[in-house]
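**Student:** Position 32 (the sequence shown) corresponds to 67 in the numbering used here; numbering is contiguous.
Below is the structure I would like to discuss, written out as structure tokens.
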Amino acid sequence: MNDSYAADDEATQTRAIAVVNHKGGVGKTTTAINLGAWLALEGHSVLVVDLDPQANATTGLGVDPRRVSSSIYQILVNSSPIEDAIEPTAVRNLFCVPSTIDLAGAEIELVTAFSRELRLRKALDTLEDEFDVVLIDCPPSLGLLTVNSLAAATEVIVPIQCEYYALEGLGQLLKNINLIQTNLNPDLRLCGIVLTMYDARTRLSEQVANEVRAHFPGKVFGTVIPRSVRLSEAPSFGQPVALYDPRSRGSIAYRSLAAEVAEADADDTLAGAPAEPEGAGDEAVARVRWR
Ligand SMILES: Nc1ncnc2c1ncn2[C@@H]1O[C@H](COP(=O)(O)OP(=O)(O)OP(=O)(O)O)[C@@H](O)[C@H]1O
Ligand SMILES: [Mg+2]
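As structure tokens, this is what we get:
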């Protein structure tokens with residue numbers, strides 16, 4: 036597929052957004068799929084890159100990892116062309132680079148490889164702004180795959196689950212983002228933090244949301260993703276929630292998040308000055324270059 040995927044005629048610079056949190060099950064994949072779907076439905080040309088051997092973004096977008104001709108593994112390990120791995124999805128303007136279980140061995144296979152942390156960036160560079168937005172769904176670790184995503188990205192979105200220990204380990208993640216900014220990718224910016232699985236019936240959700248907003252003023256998206264059964268059901272039908280149940284609360288929330296993300300590009304800020312989180316006690320947090 037060599038025709039341009041760009042939704043409009045004017046080529047704009049691709050935003051490559053890594054969806055990162057090394058904590059498992061916080062809503063990274065759900066965010067990559069559903070934010071991607073709504074951005075696509077709103078007219079942006081979107082590529083979701085599945086960088087997780089679990090291949091949840093792949094299957095959640097209706098792509099069968101056993102039937103793909105190429106995958107992110109071939110791209111990273113064999114330097115195969117990314118164009119060969121791009122699969123269409125049920126949503127117009129939304130494409131996927133699938134993952135397969137082979138990817139589980141990639142971190143070890145790449146140990147001795149030349150410029151192993153820049154493999155994804157090189158692959159995305161060959162797309163030459165064909166997509167408006169590339170969303171990279173990261174695995175729950177801070178290993179080489181996540182380093183590849185941070186080296187290739189222009190921005191980071193961090194989903195935080197509204198649960199106990201929500202902020203635990205966040206300092207480590209921000210420290211790593213800072214290291215990548217210093218050593219590999221000085222242009223990397225934090226697009227924002229998104230609160231996920233918010234349960235309005237519990238005080239805990241509210242407390243966690245307040246705590247995160249207090250630590251990161253101006254850096255948390257106004258949209259909060261509610262806990263919604265429809266969101267958890269949709270992947271088993273290989274569909275984003277925007278197709279599975281467009282009027283559900285989860286779908287409406289991701290549509291609103293997509294609007295905020297699109298807007299964040301326009302005015303380059305998430306309402307507020309960069310801030311050092313109060314009482315976070317972690318210098319790394321302060322060193323990270325926010326938008
Ligand atoms: N807002 C939500 N409401 C209800 N269920 C959700 C919501 N967001 C995610 N889930 C469910 O929670 C589980 C974990 O979500 P998801 O797979 O998106 O997290 P993840 O961070 O990608 O996990 P991993 O670290 O394993 O890759 C999934 O079963 C998903 O369907
Ligand atoms: Mg995931």
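Glycine included, C-beta positions come from ideal geometry on N, C-alpha and C.
Quick caveat, the model's predicted, so the values are computed rather than measured.
1) Over the uninterrupted beta strand (DSSP E) stretch that includes I195, give me the two end residues.
2) Does ligand 1 have a heavy atom nearer than 8 Å to the CB of D87?
3) Can you tell me where the beta strand (DSSP E) with R224 in it begins and where it stops?
4) Start and end of the beta strand (DSSP E) containing G257?
5) Can you tell me which of the three DSSP states T304 falls into?
6) Please report whether the beta-carbon of F149 lies at a distance below 9 Å from any beta-carbon of chain B.
7) Which partner residues does I171 have in the DSSP bridge list?
8) Give the single residue among K63, T66, T65, E77 whose Cα lies nearest to the Cα of A297.
9) Would you list, in sequence order, the uninterrupted beta strand (DSSP E) runs of no fewer than 3 residues that lie entirely inside the segment 107-182?
10) Does ligand 2 have even one heavy atom less than 8 Å from the beta-carbon of P100?
11) Roughly how many whole angstroms lie between the Cα atoms of A67 and V83?
12) Return yes when the Cβ of I136 is within less than 9 Å of the Cβ of P88, no when it is not.
13) Using the beta-carbon of each residue, find all residues closer than 5 Å to any heavy atom of ligand 2 and list them in chain order.
14) Within this structure, are the beta carbons of I212 and I52 separated by less than 9 Å?
15) Is N220 helix, strand or coil when you go by DSSP?
16) Closest to A22 by C-alpha separation, out of H79, L230, R102, V81, would be which residue?
17) What three-state label does DSSP hand A269 in the structure shown?
18) Below 8 Å CB to CB, which residues in the same chain sit around I215 once its five sequence neighbours on both sides are set aside?
19) Pick from R236, L177, S283, V259: whose alpha carbon is nearest that of S267?
20) Taking its Cβ as the centre, do 16 or more other Cβ atoms sit within 10 Å of A158, making it buried, or is it exposed?
**Tutor:** Quick answer:
1) The residue labelled residue 195 in the question sits at position 160 within the sequence shown. Run containing I195: 190-196, per the beta strand (DSSP E) assignment.
2) Counted from its first residue, the sequence shown places residue 87 at position 52. Because some heavy atom of ligand 1 lies under 8 Å away, the Cβ of D87 counts as near it: yes.
3) Indexing the sequence shown from 1 puts residue 224 at position 189. Start and end: 224-233.
4) Walking along the sequence shown from the start, residue 257 turns up at place 222. Run containing G257: 255-261, per the beta strand (DSSP E) assignment.
5) Translated into positions along the sequence shown, residue 304 becomes position 269. Confidence in T304 is poor, its pLDDT being 36 and thus under 50, which makes the residue's placement unreliable; the coordinate value appears in the next sentence. Correct three-state label for T304: coil.
6) Looking for chain B here will not work: only one protein chain is present.
7) The sequence position of residue 171 within the sequence shown is 136, counting from 1. Per DSSP, A53, V84.
8) As a working note, residue 297 is residue 262 in the sequence shown. Out of K63, T66, T65, E77, E77 has the C-alpha closest to the C-alpha of A297.
9) Within the segment 107-182, the complete beta strand (DSSP E) runs of at least 3 residues are 129-132, 168-172.
10) To locate residue 100, count along the sequence shown from 1; it is residue 65. No; taking the cut-off as 8 Å, the Cβ of P100 has no heavy atom of ligand 2 nearer than that.
11) What you label residue 67 is simply residue 32 of the sequence shown in a count that begins at 1. What you label residue 83 is simply residue 48 of the sequence shown in a count that begins at 1. A67 and V83 have their C-alpha atoms spaced approximately 7 Å apart.
12) As a position in the sequence shown, residue 88 is number 53, starting the count at 1. As a position in the sequence shown, residue 136 is number 101, starting the count at 1. Taking 9 Å as the cut-off, the beta carbon of P88 is found closer than this to the beta carbon of I136.
13) The set of residues with a C-beta under 5 Å from any non-hydrogen atom of ligand 2 comprises K63, T64, N91, given in chain order.
14) Residue numbering aside, residue 212 sits at position 177 when the sequence shown is read from its first letter. Residue numbering aside, residue 52 sits at position 17 when the sequence shown is read from its first letter. Result no, Cβ atoms of I212 and I52 do not sit closer than 9 Å.
15) Walking along the sequence shown from the start, residue 220 turns up at place 185. Here N220 sits in coil by DSSP.
16) In the structure as shown, the chain starts at 36 and stops at 326, and residue 22 therefore has no counterpart that could be examined.
17) Start at 1 with the first residue of the sequence shown, and residue 269 comes out as number 234. Reduced to three states, the DSSP call for A269 is helix.
18) Indexing the sequence shown from 1 puts residue 215 at position 180. Residues of the same chain with a CB within less than 8 Å of the CB of I215, apart from the 5 flanking positions on each side, are V182, L185, A186, L223 in chain order.
19) Along the sequence shown, one-based indexing puts residue 267 at 232. Of the listed residues, the one whose Cα sits closest to S267 is S283.
20) Taking the first residue of the sequence shown as position 1, residue 158 is located at position 123. Buried is the call here.
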